[in-house]
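Adding 14 to a residue's 1-based position in the sequence shown gives its number in this note's numbering.
Every residue, glycine too, gets a C-beta built ideally from N, C-alpha and C.
Have a look at the structure below before the remarks.
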Amino acid sequence: MATRTPFGGQGRPGGFDLIGSGSPPPRDVLAILGVLFVTFSLQFFESTALIPRLLQLTPLVLRGFVWQIVTYPFVGTRGSGFWFLLELLILFWFARDVYWRIGRQRFWQLLLWGSVGAAVVAVLVQLVTMLFGGSLTAVPFLTMQGQRMLLTIIIAAFATLYGEATIMLFFVLPIKARWFLWLEILFAFVFGLLPTKDLPGFLGVCTAVFLTYSTLMPGGPRLVLHNWRKRAEQLILQQRLKKMRRRRRFDVIEGDRNEWIH
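Structure, rendered in structure tokens:
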């Protein structure tokens, strides 16, 4: 994956041109990558495999393992070694620019707010599904586990902060960064929910995207929800007026932006 951006340096997107940007690698980001790599490696040794299992988000959180809500995004998810390293590389690319743009404190607040909020929603969904007939999947939370959750939050943050930057999806398709907010949800649906039936994990990803986007927008989540509600009300009103015009043959004259004159 690569991007084309017209500038580089601290506080700006340096680009993912496989050459590097003017921004030095933040120590916090390197520390996160190191923790992910270590916890990923621990899973392959019988004597240490229990450690990441206790830190990952599992149904045991409902039995008192509440620390998993905080620790799970920093535990490398087991899978193909090649794809894991590729995910770490992509995470580094995006996290570097997000870190220098918002600063250390907001960077960590964003990670914790997005991951904890996503975990709470996912756990509640899992609890409800267990109460009404059992879980849909034998391995819940798989879609949002480990570095995948960090990727979700960081890419959503980049898409919000640098919406006009161009990202080369699969090194071929040029796409504006802002569209990755929807692409993340689409990928979680296609590659997560459909093959694994992991509804808690899918809704956790959706929650992380929303929390990240709304946190970085002016006014925060409350103002974002308010604006969405007003837009929905306006759309419903317009549809009702169209039906009235067709059924009763009313002549509808559009007045001000938020007014309709009959």
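{"Item": "Answer with buried or exposed for residue 181, where buried requires no fewer than 16 other C-beta atoms within 10 angstroms of its C-beta.", "Value": "buried"}
{"Item": "Can you check whether the CB of residue 82 is closer than 8 Å to the CB of residue 71?", "Value": "yes"}
{"Item": "Between residue 135 and residue 221, how many whole angstroms is the CB-CB distance? I'm expecting something under 8 Å.", "Value": "4 Å"}
{"Item": "Under a Cβ-count criterion, where at least 16 other Cβ atoms within 10 Å of its own Cβ denotes burial, should residue 114 be classed as buried or exposed?", "Value": "buried"}
{"Item": "What's the C-alpha gap between residue 158 and residue 101?", "Value": "13 Å"}
{"Item": "Tell me where the beta strand (DSSP E) around residue 188 begins and ends.", "Value": "187-190"}
{"Item": "For the alpha helix (DSSP H) that contains residue 62, what are its first and last residues?", "Value": "Neither: residue 62 is in no alpha helix (DSSP H) and is coded neither H nor E."}
{"Item": "Answer yes or no: do residue 195 and residue 170 have a C-beta to C-beta separation smaller than 8 Å?", "Value": "yes"}
{"Item": "Could you check the C-alpha separation between residue 189 and residue 44 for me, to the nearest Å?", "Value": "27 Å"}
{"Item": "Are residue 166 and residue 219 closer than 8 Å when you measure CB to CB?", "Value": "yes"}
{"Item": "Kindly identify the DSSP beta-bridge partner or partners of residue 183.", "Value": "187"}
{"Item": "Are residue 139 and residue 217 touching if we call contact CB-CB under 8 Å?", "Value": "yes"}
{"Item": "Tell me which residues share the same chain as residue 75 and place their Cβ nearer than 7 Å to its Cβ, disregarding the 5 neighbours each side in the sequence.", "Value": "82, 83, 137"}
{"Item": "DSSP three-state call for residue 92: helix, strand or coil?", "Value": "coil"}
{"Item": "What would DSSP say about residue 223, mapped onto helix, strand or coil?", "Value": "helix"}
{"Item": "With distance defined between alpha-carbon atoms, name the residue in 255, 246, 110, 173 nearest to residue 228.", "Value": "173"}
{"Item": "Nearest-angstrom Cα distance between residue 248 and residue 257?", "Value": "14 Å"}
{"Item": "Using C-beta distances below 6 Å, list every residue in its chain close to residue 58, excluding the 5 sequence neighbours before and after it, in chain order.", "Value": "none"}
{"Item": "Looking only at its chain, what residues have a beta carbon closer than 8 Å to the beta carbon of residue 116, apart from the 5 residues adjacent to it on each side?", "Value": "124, 171, 175, 230"}
{"Item": "If distances are taken between C-alpha atoms only, which option among 202, 225, 224 comes closest to residue 214?", "Value": "202"}
{"Item": "Quick check on residue 94: buried or exposed, where buried means 16 or more other Cβ atoms within 10 Å of its Cβ?", "Value": "exposed"}
{"Item": "Taking 6 Å as the limit between beta carbons, can you name the residues of its chain near residue 14, skipping five residues before and five after?", "Value": "What the structure shows of the chain is the stretch from 15 to 276, and residue 14 is not part of that stretch, so it cannot be assessed."}
{"Item": "Among 51, 79, 210, which has the Cα closest to the Cα of residue 91?", "Value": "51"}
{"Item": "Would a C-beta distance cut-off of 8 Å place residue 110 and residue 39 closer than the cut-off?", "Value": "yes"}
{"Item": "Relative to the alpha-carbon of residue 55, which residue among 79, 99, 77 has its alpha-carbon at the smallest distance?", "Value": "99"}
{"Item": "Please state the DSSP three-state secondary structure of residue 144.", "Value": "helix"}
{"Item": "On the criterion of 16 or more Cβ atoms from any shown chain inside 10 Å, does residue 103 qualify as buried, or is it exposed?", "Value": "exposed"}
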